[in-house]
Amino acid sequence: MPIAPEHLALLYTGPFDAYLYGRNSRDMKKRGTAGSVGDQLTEGRDICLENGWPIKREFADIGRSASRYAKREREEFEEMIAGIEAGDCRILVAWEASRYYRDLDVYVRLRSVCMAAGVLLCYNGTVYDLSKRADRKATAQDAIQAEDEAEGIRDRNLRTVRLNAKAGGPHGRVLWGYARRYDPDTGDLVEQYAHPERAKIVKRIFERVAAGETEYAILHDLRAGGERLPGIRWEQHHLREMLRNPAYKARRVFQGSDIGKATWPALVEDETYDAVQMIISRPERRTMRSSAVVHLLSGWGRCGECETMPPLRVLNNRNYLAYQCSERFDTVMREDKLDAYVVEAVLDWLGSKAAAAAFSSTDDQERTAAARLRGSQMQAQLDEARAQAATFGPDGQPRLSIQSLAALEASLTPLIAAARQEAESVTVPPLLRGIIGQPDIDAIWEDMSIAQRRAVLRAVVNIRLMKARARGIRTIEPGRVQLTFAGEPGFTSG
Ligand SMILES: [Zn+2]
């Protein structure tokens, strides 16, 4: 187990001659965490002073990139390694894990030198004895994390360079939903960013369309909310152009073709955008009138008595509305009664395990099973390697070198994490995301528009209305309404 510096003298015999090692990292200013090399050495001196460790030498790695400095640093580093190997010190004191390791290679070298010479390692206020397995593991994890952070910084820099080179940023008129910031001195465009209010409206419009709401309903609400621009009210063509514009998912379009990722932020997720494209390209959506619907089940709930299963239509009786077979008029039921029955059954079903299972496709199931298997195989491989590294052969050396183990851990750990994540992921259509398996499903339903409710119902259930056994029966008899849910045999979507 790692130990606190003040307990070192209780467990080990001194003297604890110390080497101090301070190191600059290039991103230090940005992270704002670490002080200069000088600060680190001061901190190291304090630890040595408090615990009575005599300071043997100090090594400062100032992180300059100019080659003559780099050369001098390499020489100092080599001197430090040689000193450790020669048994010149008992403990190496540094300030933070990331200061030790330029990358995993340097770390592996430093660690094996300390291990071979029986030198203790102290950083972050903790002392590690590398002859112990738990300490080797803890320091290995710190090193891998330090390297991972460094990689992240490198990736971010590369991305920026690529973006600037390729996309070139926005030009032309400002797209509705965005705003631009200009340099007050030069007048140059600094960035195009999401407009604080309008961006939300854009996002909501896409989501409502993806959820099956009609353009009519959306346009109505937009007009109620105000003008699009001063003096210009919302028109349907505004909506149409918006819904087809890939710039909202941060793609740059040049002369009609998508030339790559844009420099501005996306207002709409790719999945939502794609879902919207599918919906707006459906032929029945082209006319406004057909999309203004007020009944939950009309046009898609079906008569179960006729062979062709004609859709139900709404019959306006004198006192009430009813659904009726649109072809032979052989089935009929009061609208409020059938709506209530169907909604109750569907909300129950949406909260059930069957609902979640229905929307994990066979592809999902195969994919997640494969990911689970892959993850456990890699985990077993790593466990085996760790066991090997903790077992010693007749020559007193571990059966697997610490170098090999560290390299293996570095390559397998992120892969195992990725496999675990994939094993748990299931693709749910955007329409049903945030609905399936939610505990407060009734409240969510209350908040939905009738168009959204219709879309949800259509996605999860098939309805067949049958004839009543006798006239005047008020309750819904068993078998009168047949519901087939998604995932059950015979369910058809659409
Ligand atoms: Zn019929």
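For what it's worth, the working numbering labels the leading residue of the sequence shown as 698, then goes sequentially.
No residue lacks a Cβ here, since even glycine has one placed at the ideal position from N, Cα and C.
Helix, strand or coil at residue i according to DSSP, with G and I counted as helix
i     : result
K834  : helix
V790  : strand
K829  : coil
Y915  : It should be noted that the sequence gives Ile, not Tyr, for residue 915. Reduced to three states, the DSSP call for I915 is helix.
G1187 : coil
Y945  : helix
Q1135 : coil
R1161 : strand
V965  : coil
A1167 : coil
T1028 : coil
T739  : helix
G957  : strand
Q1179 : strand
E782  : helix
G922  : helix
V950  : strand
E888  : strand
I1173 : coil
Y804  : helix
F713  : coil
G1090 : coil
A972  : helix
R683  : The question about residue 683 has no answer, for the chain in this structure spans 698 to 1191.
V871  : coil
E755  : strand
G719  : strand
T823  : strand
R930  : coil
A813  : helix
A876  : strand
Residue j beta carbon less than 8 Å from that of residue i
i     : j     : result
R1031 : C1003 : no
L1154 : V1178 : no
A1211 : Y945  : Because residue 1211 is not part of the residues shown, which for the chain are 698 to 1191, the question remains open.
G996  : A1148 : no
G749  : V734  : no
L1044 : Y1020 : no
H892  : A914  : no
R806  : L827  : no
H992  : V965  : no
D1033 : C1000 : no
I665  : V906  : Nothing about residue 665 can be read from this structure; the chain reaches only from 698 to 1191.
W931  : R895  : no
F1224 : T969  : Outside the shown range of the chain (698 to 1191) lies residue 1224, about which nothing can therefore be said.
M812  : I1141 : no
A1116 : R1166 : no
Supposed close pair residue i, residue j - CB separation, criterion 8 Å
i     : j     : result
L1097 : A1107 : The pair is not a contact, with the Cβ atoms about 14 Å apart (cut-off 8 Å).
L1047 : I1160 : Between I1160 and L1047 the Cβ distance is about 15 Å, and since that is not below 8 Å, they are no contact.
L1129 : L1109 : Contact flag wrong, Cβ pair sits at about 35 Å.
A1086 : L1102 : 4 Å
R1069 : A1114 : Rounded, the Cβ-Cβ distance is 13 Å, inconsistent with contact.
A817  : V810  : Looking at the sequence itself, residue 817 is Leu, so the reference to Ala does not match. With 8 Å as the limit, L817 and V810 do not qualify as a contact, their Cβ atoms being about 12 Å apart.
P1007 : G998  : Incorrect: roughly 10 Å between the Cβ atoms, too far for contact.
Any non-hydrogen atom of ligand 2 closer than 7 Å to residue i Cβ
i     : result
P1007 : Only ligand 1 can be found as ligands here, which leaves ligand 2 out of the picture.
Exercise. Is it a yes or a no for the segment 700 to 717 touching the segment 776 to 795, going by three-plus beta-carbon pairs under 8 Å?
Worked result: Three or more beta-carbon pairs drawn from the segment 700 to 717 and the segment 776 to 795 are found closer than 8 Å, and the two stretches are therefore classed as touching.
Problem set entry | Stretch pair the segment 1058 to 1071 + the segment 1170 to 1190: three plus CB contacts closer than 8 Å | At 8 Å Cβ cutoff, the stretches do not touch.
Problem set entry | Entirely enclosed beta strand (DSSP E) segments - the segment 992 to 1055, minimum 3 residues | If only uninterrupted beta strand (DSSP E) runs of at least 3 residues are considered, those enclosed by the segment 992 to 1055 are 1009 to 1013, 1018 to 1022 and 1029 to 1031.
Problem set entry | Given 8 Å, three or more beta-carbon pairs between the segment 922 to 936 and the segment 836 to 843 | No, because fewer than three Cβ pairs between the segment 922 to 936 and the segment 836 to 843 fall closer than 8 Å, the two stretches do not touch.
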